[in-house]
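What follows is a single structure, written as structure tokens, with notes after it.
2 protein chains.
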Amino acid sequence: MAKRRSDTPEELVRKVVAGDRRAVARSITLVENQTEEGTELMKRLYPHVGKPMVVGITGSGGSGKSSLIDHLIRKFRKKGQRVAVVAVDPSSPFSGGALLGDRIRFQNHALDEGVYIRSMGSRGYLGGLSRTTSDVVRIMEAMGNDVVIVETLGAGQDEVDIINVAQTCLLVLTPGMGDDIQAMKAGIMEIADLIVLNKADLEGATAILRTLEATLAFGFKGGEGDWRPRVLPTVASAAKADGIQGVDELVDAIEAHHAFLHDTQAIQQVQANRVEQELGLIFKDQLEKYIFKGLKGTGKKREYVRAILDGKTDPYSVVEEVLGEFLK
Amino acid sequence: MAKRRSDTPEELVRKVVAGDRRAVARSITLVENQTEEGTELMKRLYPHVGKPMVVGITGSGGSGKSSLIDHLIRKFRKKGQRVAVVAVDPSSPFSGGALLGDRIRFQNHALDEGVYIRSMGSRGYLGGLSRTTSDVVRIMEAMGNDVVIVETLGAGQDEVDIINVAQTCLLVLTPGMGDDIQAMKAGIMEIADLIVLNKADLEGATAILRTLEATLAFGFKGGEGDWRPRVLPTVASAAKADGIQGVDELVDAIEAHHAFLHDTQAIQQVQANRVEQELGLIFKDQLEKYIFKGLKGTGKKREYVRAILDGKTDPYSVVEEVLGEFLK
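Written out as structure tokens, the structure is:
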């Protein structure tokens, strides 16, 4: 391929906003490689973000999150909406982490110009939400999608971070996996706007459904006018591509939550939280770059490690010393 | 309880090093609350760290990590060694995340003065290894344990971080969970010094054992004199407290790896990596404190968020502005 003049940031932004898939891919690469250009791009892209509905889907491996997303994509496409998926879960079929059959099925969406799927692989999973993942979600927003779906593994910090990225947060559980019990214990349910009990055709599902509903009713701390989380049973396993149940109701519920956020102006707080999280991620990222660049430049890092191992100092004192130099 | 003068850092360090369990608990609280006192304590504790054998155990939920650790504790105790467990996995029975029966069984060790178990709960799981977890492992080292076991969930960054905390890294797999396949794909196996195929009495275990061995042999990139990772079959499920298999061999293998590290002086590189990781964690932690304290103090953070939402600026430019003020 002939080498060609690369786009200026302005040109790239124009193309991304116009939905140019190659420009989007190039933008993501800039952001992933943590280049200055990537930051310049994001600054210029920022006026175009914040419009689509952002739906977070979290749940453990095997809960059928990806099959559910597969069905959601179809439903939203039938309504003529443009959909993007950002998969942070490294074991997601969208990330190429699954069985070949699943992977092919999901990647069929890639032939549809109205669907953009991006897996962050393990790169996006570097300890909770990374700045890169946050930036990629923003790019998906800017490219004119109507719905952006963010899929995370739902183990630990990820599911806490996703509340701030997503406007509507879905927690996917299944009967018999013990997830339900774990979830209630760990307070994971508190983050969900909608709880999906997937594989609701399995034995014991009805009992778990009732328990979940009771727990939700008991745990609801809001007042009148607050959103009341709901449990929705679905059957959206890979084996039942045509015999799905509950996905229409799920789409309705997602849209109802979206309408609720706008009707009550709660969306403003949601967006403020997202910006605050974003600020934190960029701060951390830039700070590390400054400090570690400084340390590497002087070759001092190895010296410090040596001195610590020799018992001449300790990591806490070293950090104070270096930070003192930088921050004075 | 009557309020009493609290220990000076020197007194606290003396007590921790003497193995005083209440002093250890108080130290962990100081570190968890991210107090200045905690940092002062860690500085003074630092000359006492680095002596015990640190074993990392990673593997997905349901692989039987905790049962395995339960058996390892018994074996090490029989040899008269003092053992500490730091459980970072929020679903670990050590973290209170499991069924009551398991929890009681594991907590029986708490009656043994030679065993110290500390769960980091979800606090330790804030996106990969946190500074708090790293500090708690150091406290466990300083209190005179012979073996420190660190248990992580093994999903994402955690299993990468654990290589640097632990001197010997165990990956626990089971037949039939698909873990083995995922592990080989994701390159997780590369981090393990020893691979444990637990529940090796399940169907298909022999075939998986052979596959794992072949994969290891194929993937071994070291030369003569390098450690050659091994696969060890065990049966250490909760139901077989007395009929365990393979745990003696596992203890032997752990001790063989420990001896290898010391014989070849590879332990020095291992300890340098640990210090480097520690430096990074403390840096990040302290930097965030400085910056966010600064922002909160001026009440500027809310102003910035407002300006971003009003489209007057963007998060990337705000970070540059604030960082410019701090770092100039």
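Residue numbers (our numbering), protein chains in the order written: chain A, 3 to 330; chain B, 3 to 330.
Glycine included, every Cβ here is placed at the ideal spot set by N, Cα and C.
- Closer than 6 angstroms by C-beta to B:Ala268: which residues in its own chain qualify, once you throw out the five before and the five after it? Chain order, please. none
- Message: Output needed in chain order: residues of the stretch 39-51 of chain B with a Cβ under 8 angstroms from some Cβ in chain A.
- Response: Thr41, Met44, Lys45, Tyr48 and Pro49
- Query: Is any beta-carbon of chain A found at less than 8 angstroms from that of B:Glu290?
  - Reply: yes
- Listed by chain order, chain B residues near A:Leu311 by CB distance under 8 angstroms: Gln270, Gln273, Ala274 and Val277
- Query: Mind listing which residues of the stretch 16-42 of chain B have their C-beta closer than 9 angstroms to chain A's C-betas, in chain order?
  - Reply: Answer set for the stretch 16-42 of chain B: Thr41 and Glu42.
- When A:Arg308, A:Arg304 and A:Val174 are compared against A:Leu252, the one with the closest alpha-carbon: A:Val174
- Reference A:Ile75; option with closest CA among A:Trp229, A:Lys53, A:Leu204 and A:Asp114: A:Asp114
- Query: How about B:Gly116 and B:Val85: do their beta carbons lie closer than 8 angstroms?
  - Reply: A contact, by the Cβ cut-off of 8 angstroms.
- Message: Using only the alpha-carbon positions, how far apart do A:Glu226 and B:Thr135 sit?
- Response: 41 angstroms
- Task: Kindly indicate the opening and closing residues of the alpha helix (DSSP H) around A:Leu70.
- Result: Lys67 to Lys80
- Query: Can you check whether the CB of A:Ile284 is closer than 8 angstroms to the CB of A:Arg133?
  - Reply: yes
- Could you check what DSSP says for B:Gly58 in three-state terms: helix, strand or coil? Reduced to three states, the DSSP call for B:Gly58 is strand.
- Task: Using a cut-off of 7 angstroms between C-beta atoms, extract the partners of B:Ile347 located in chain A.
- Result: For chain B, the structure presents residues 3 to 330; residue 347 of chain B sits outside this window and is missing.
- With DSSP collapsed to three states, give me the class of A:Thr266. coil
- In this structure, does DSSP put B:Ser319 in helix, strand or coil? helix
- Item | Neighbour-count burial assignment, A:Glu143, 16 or more Cβ in a 10 Å radius | buried
- Is there a Cβ from chain B that is less than 8 angstroms from the Cβ of A:Glu251? no
- Does the distance from the CB of A:Thr213 to the CB of A:Gly58 come in under 8 angstroms? no
- Query: Less than 8 angstroms separating the beta-carbons of B:Pro235 and B:Ala207?
  - Reply: yes
- Determine the burial state of A:Phe78: buried for a count of at least 16 other Cβ atoms within 10 Å of its Cβ, exposed for fewer. buried
- Item | Within-8 angstroms CB hit, B:Val88 to chain A | no
- Find out if the Cβ-Cβ distance for the pair A:Val87, A:Ile71 is shorter than 8 angstroms. Against a cut-off of 8 angstroms, the Cβ pair of A:Ile71 and A:Val87 comes out as a contact.
- Message: Is there a C-beta anywhere in chain B that falls below 8 angstroms from the one on A:Leu74?
- Response: no
- Classification of B:Ala168 by the beta-carbon crowding that lies within 10 angstroms, buried from 16 upward: buried
- Under the three-state reduction of DSSP, which class applies to B:Ala202: helix, strand or coil? coil
- For B:Ser121, which of helix, strand or coil comes out of DSSP? strand
- Task: Look up A:Leu155 in the DSSP assignment and say whether it is helix, strand or coil.
- Result: Note: A:Leu155 maps to coil in three-state DSSP.
- Beta bridge counterpart(s) of A:Pro235 as assigned by DSSP: A:Leu199
- Task: Sort out for me which residues DSSP pairs B:Thr134 with in a bridge.
- Result: DSSP lists no partner for B:Thr134.
- Span of the alpha helix (DSSP H) around B:Ala168: Taken as a continuous stretch (DSSP letters only), B:Ala168 belongs to no alpha helix (DSSP H), as it is neither H nor E.
- Using the C-alpha atoms, what's the distance from A:Ile151 back to A:Tyr118? 10 angstroms
- Are there 16 or more other CB atoms within 10 angstroms of the CB of A:Asp228, so buried, or fewer, so exposed? A residue is called buried once 16 or more other Cβ atoms fall within 10 Å of its Cβ, and A:Asp228, having fewer, is exposed.
- Taking B:Ala258 as the reference, which of B:Gly40, B:Gly21, B:Gly61 and B:Thr170 has the closest Cα? B:Thr170
- Item | Distance between B:Thr37 and B:Ser8 (C-alpha atoms, nearest Å) | 15 angstroms
- Message: For B:Val90, report the span of its alpha helix (DSSP H) as first-last.
- Response: For B:Val90, no alpha helix (DSSP H) run applies, since DSSP gives it neither H nor E.
- Message: Just verifying my parser: in three-state terms, what is the DSSP assignment at B:Val307?
- Response: B:Val307 sits in a helix when the DSSP states are folded into three classes.
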